[in-house]
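Mapping of the sequence shown onto the numbering used here: position 153 corresponds to residue 282, and the numbering continues sequentially without gaps.
Glycine residues also receive a C-beta, built at the ideal position from the N, C-alpha and C atoms.
Given the structure is predicted, the values throughout are model-derived calculations rather than measurements.
To start, the structure under review is shown below, and the notes come after it.
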Amino acid sequence: MTPKSGHHTAAEGEAVRPDTVLSALDFLEANDDQFFAGFTPFFTLDGLDIRRRQVPSSKLLIYNRVFQPAMKYEYKVRGPLPATKCELLVSVYLDFEYRLTWDPHMLRAEKLGNSRDDSLSPSPVSIGADSGVEVEPTSLLSSRLETLRQMHSEPHQYYYAIKMPLPLATRDYVYSVRSWSEECSTGSQTCKYELIEGMASKHESYPETPPTIRIENYYQQIAVKPTADNCGTILAMRYYDDPRGSIPHQFINFAAKKGVPAFLNGLTTACAKYDDWLTQKSA
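Next comes the structure, spelled out in structure tokens:
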């Protein structure tokens, strides 16, 4: 159950990939020493433990002088979101139409359809009606969540562009998202987990178009399960994003310490407003 502590070092032009397959047991049931192996504490936020490790990167040789590029980090997050139910969090995270209404950094988002992406972890359980998430069968959330599950049972490609703080240029992504569920036994108990994985990919109709900078190295692995009272979520996440360009180390630290809390706060706030949005959408 212990994840490997090494990291795949990409050659020039090669995408960085996670060195472990996304597993509910490794993410949610491993102890801290196992889950955070090789990562150092970064900061904590309302019970969430956020750690990181530096991703190896090659030095640059320019006019026979060696330059050290900006440091790049991979992050792991684990802890409770006590006020946000598990099935609600999954639906809001996968709903990019809704995200356009609440994420102030998202400038544009388009669904590109299903695609085969063998770099994503295998889905051990197909997503369907028997997914382990208990919601009222007639509710708008249930219907929306089932649609999103069906859509993401195979890798589903997206394009989106995000606004960066000045003076940085806009960044954009083409990436694939897959979602599935796992049922695992820990001792005498059986628990059902929801898992989401995103990975940078390519689409011939969406090439990089300067001055916007394409994020070519990106992945995110998420595993969630309900809290013991079924009122909240236990979250475990692994994340890497190479923003490219000459970005000062101090800015990377500042952006991470501001960006992670801002995204999580935005996500939980969006969860609280999701029912109203679904009601308005269905009217």
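Closest by C-alpha distance to residue i, when choosing among the options
| i | options | result |
| --- | --- | --- |
| V221 | W406, P233, D161 | W406 |
| L217 | L236, H234, L151, D404 | D404 |
| T213 | T408, L396, S411 | L396 |
| I342 | N359, Y302, A385 | Y302 |
| K386 | A166, F164, P170, D161 | P170 |
| P211 | Y335, L269, L270, L364 | L364 |
| A238 | Q379, F380, Y335, P296 | Y335 |
| L177 | V184, P185, F165 | F165 |
| L295 | I376, S314, M280, V219 | I376 |
| G208 | G374, D161, L274 | D161 |
| K410 | T173, P372, K240, E226 | E226 |
| P340 | R373, S314, C360 | R373 |
| D358 | N243, L274, C215 | C215 |
Check whether residue i and residue j have beta carbons under 8 Å apart
| i | j | result |
| --- | --- | --- |
| Y369 | N346 | yes |
| A391 | W231 | no |
| E366 | K205 | Reading off the sequence, residue 366 comes out as Met, not Glu. Yes; because the gap between Cβ atoms is below 8 Å, this pair is in contact. |
| T299 | L236 | yes |
| S305 | S272 | no |
8 Å contact criterion, which residue i and residue j should meet: CB distance rounded
| i | j | result |
| --- | --- | --- |
| R181 | E203 | 6 Å |
| Y288 | H332 | 7 Å |
| L109 | L277 | Outside the modelled stretch of the chain, which goes from 130 to 412, sits residue 109, for which no answer is possible. |
| L241 | Q286 | 4 Å |
Interface flag, residue i vs chain B, CB-CB below 8 Å
| i | result |
| --- | --- |
| A391 | Checking the listed chains, one finds no chain B in this structure; it contains a single protein chain. |
(message) Does the structure place the segment 303-311 close enough to the segment 321-332 that three or more beta carbon pairs sit under 8 Å?
(response) yes
(message) Three Cβ pairs or more, each shorter than 8 Å: is that satisfied between the segment 344-359 and the segment 151-166?
(response) yes
(message) Give the list of continuous alpha helix (DSSP H) stretches no shorter than 4 residues that lie fully inside the segment 192-234.
(response) 215-223, 225-231
(request) Note down, one range per segment and in chain order, each beta strand (DSSP E) of at least 3 residues found wholly within the segment 295-330. (result) 300-315, 318-329
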